[in-house]
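In the numbering used here, the protein residues as written are 198 to 691. We put the CB at the ideal spot given by N, CA and C, even for glycine.
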């Protein structure tokens, strides 16, 4: 299996697909641009979903579900929103099929044409704000803080497994508030929640920032984001939180009576992360041998591989392995005993390595007699013989070490791939020779931003919310020489 993985240095894009397919995370679908998420990949998404869902509920959010189909007229109510999504929408025009008598093939039945086209949701602001306009009458009805776990469809032309597919899974939060300040507080709360999740659970450091107007979500007043760096030096937007102001409440006539008995439009936010995070995990930690997963999210944290040559050895080894499995499960460790017949231990080792299981236990008859096991870490390949007594404590310690080690490695890599420049020549040289995050001055104009993107393929990933001291100093734009208040973060990106 490992031989089927293209080295990163040879072809990074091919390596990425090879890891996903060999680790059985996903596969291609018969429908161009969409994917099948396999059990390994879905279990990983479920762990992300479970953790995030708990974080949302701990901060006062509730889950609901809104329809997949949105009347086309709803998208037309918010001008920036329709402009941003119109070219990505899948549209339902008929309600049934029939056999064409001339060709013998199915076709939309002409008499089933819908009175109004339905858009397969690319995002749900419009249909949710139609509902909110009915639910919100008074300040006493606020805030509303709803999240939904759903699929969305965006008709992408260039797709890549997990990172950009025509249909993907995500969560989208939509909140309504009585004041501008409350909505802004919510926007920042979610940004920090996303950042904490990606850093603490995914073991990837992120930059918190604000998007430029050209990169802003269609219909938002401001978009906040977190940006992570992948191993090929490209940036990946890992989550966004949008301050929508009163744009959607005005578009859908959502007014409420405030505490002063005056009519006012509600203030709103929306925010989301998607199965793109699975792609971020693959590109953030994996190696040429396959997937590397942080223990906090790994579907299987530990695998036990029993080794024996005869039935007598088999019985005692499996008995000892079974006790270990039961003890570790009681401690909350997600553990699997690989007692499959017909597969050599070496083959199992390779499979578990490709699938990214953080810790492997090997146990044979000599280990049983000696009261020991062999531990192998997926992240470093380090092997260690340890006592079977107190094994649960040892395993928990090792898993913590792996989690921290992955974050520290990613943070060191990001630091080594961060460059500060003052001239345009330095900027282009850094992008070509090194990649990564490049911090440079920008004059704040759309024209300069567009020119840099056109000439270098680099975009402003964000304006950091908490800039480093050397980034906070004023200077001059590297292209135009115009005054610049501070450096922003550029990168080539997915």
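As for any alpha helix (DSSP H) of minimum length 4 sitting wholly inside the region 405 to 465, the runs are 444 to 448, ordered along the chain. DSSP, read as helix, strand or coil, puts residue 398 in coil. Annotation for residue 346: the continuous beta strand (DSSP E) segment containing it runs 341 to 350. Using a Cβ-Cβ distance cut-off of 8 Å, the region 340 to 352 and the region 282 to 290 are in contact, since at least three pairs of beta carbons, one from each stretch, lie closer than that value.
Within the same chain, Cβ atoms closer than 7 Å to the Cβ of residue 493 are found at 398, 600, the five residues on either side in sequence being excluded. Per the DSSP secondary-structure output, residue 223 pairs in a beta bridge with 234. Boundaries of the beta strand (DSSP E) harbouring residue 634: 634 to 638, taken from the DSSP string. Apart from the 5 residues on each side of it in sequence, residue 392 sits with its Cβ closer than 7 Å to the Cβ of 403, 405, 423 in its chain, given in chain order. By the beta-carbon neighbour count (other beta carbons within 10 angstroms, threshold 16), residue 507 is exposed. Annotated three-state conformation of residue 484 is strand, per DSSP.
Taken through DSSP and simplified to helix, strand or coil, residue 507 comes out as coil.
As for any alpha helix (DSSP H) of minimum length 4 sitting wholly inside the region 280 to 353, the runs are 322 to 332, ordered along the chain. In the DSSP assignment, residue 685 forms a beta bridge with 637. At the C-beta level, residue 572 and residue 499 stay beyond 7 Å of one another.
Proximity to residue 230 across 686, 602, 365, 548 peaks at 365, based on C-alpha coordinates. In this structure, 433 is the residue among 433, 417, 384 with its C-alpha nearest to the C-alpha of residue 395. Across the set 623, 259, 586, the C-alpha of 259 shows the shortest separation from the C-alpha of residue 341. Around the beta carbon of residue 303, fewer than 16 other beta carbons lie within 10 angstroms, which makes this residue exposed.
Among the bridge pairs identified by DSSP, residue 356 is matched with none. Between residue 435 and residue 477 the beta-carbon gap is near 6 Å, inside 8 Å, which marks them as a contact. DSSP places residue 571 in the strand class (E or B) of the three-state scheme.
Residues of the same chain with a CB within less than 7 Å of the CB of residue 653, apart from the 5 flanking positions on each side, are 625, 628 in chain order. Taking all protein chains in view, the Cβ of residue 543 is surrounded by fewer than 16 other Cβ atoms within 10 Å, so the residue is classified as exposed. Residue environment for residue 661: buried (at least 16 other C-beta atoms within 10 angstroms of its C-beta). Going by beta carbons, residue 339 and residue 378 fall outside the 7 Å limit.
Each residue's CA atom was taken as its position, placing residue 610 and residue 489 some 16 Å apart. Within its own chain, the residues whose Cβ lies closer than 8 Å to the Cβ of residue 293, once the five positions on either side in sequence are excluded, are 305, 306, 309, listed in chain order. Contact between residue 560 and residue 503 holds: their C-beta atoms lie close to 6 Å from each other, under 8 Å. In this structure, residue 638 sits near residue 681, with a CB-CB distance shorter than 7 Å.
Approximately 5 Å separates the beta-carbon atoms of residue 449 and residue 330; this is inside 8 Å, confirming the contact. With 16 or more neighbouring CB atoms inside 10 Å of its own CB, residue 234 falls in the buried class. About 5 Å separates the CB atoms of residue 485 and residue 204; that is less than 8 Å, so the two are in contact. Under the three-state reduction of DSSP, residue 266 is assigned to strand. Per the Cβ contact rule, the region 313 to 325 is in contact with the region 256 to 273 (3 or more Cβ pairs under 8 Å). Using a Cβ distance threshold of 7 Å, residue 431 and residue 691 count as a contacting pair.
The alpha-carbon separation between residue 538 and residue 564 amounts to approximately 20 Å.
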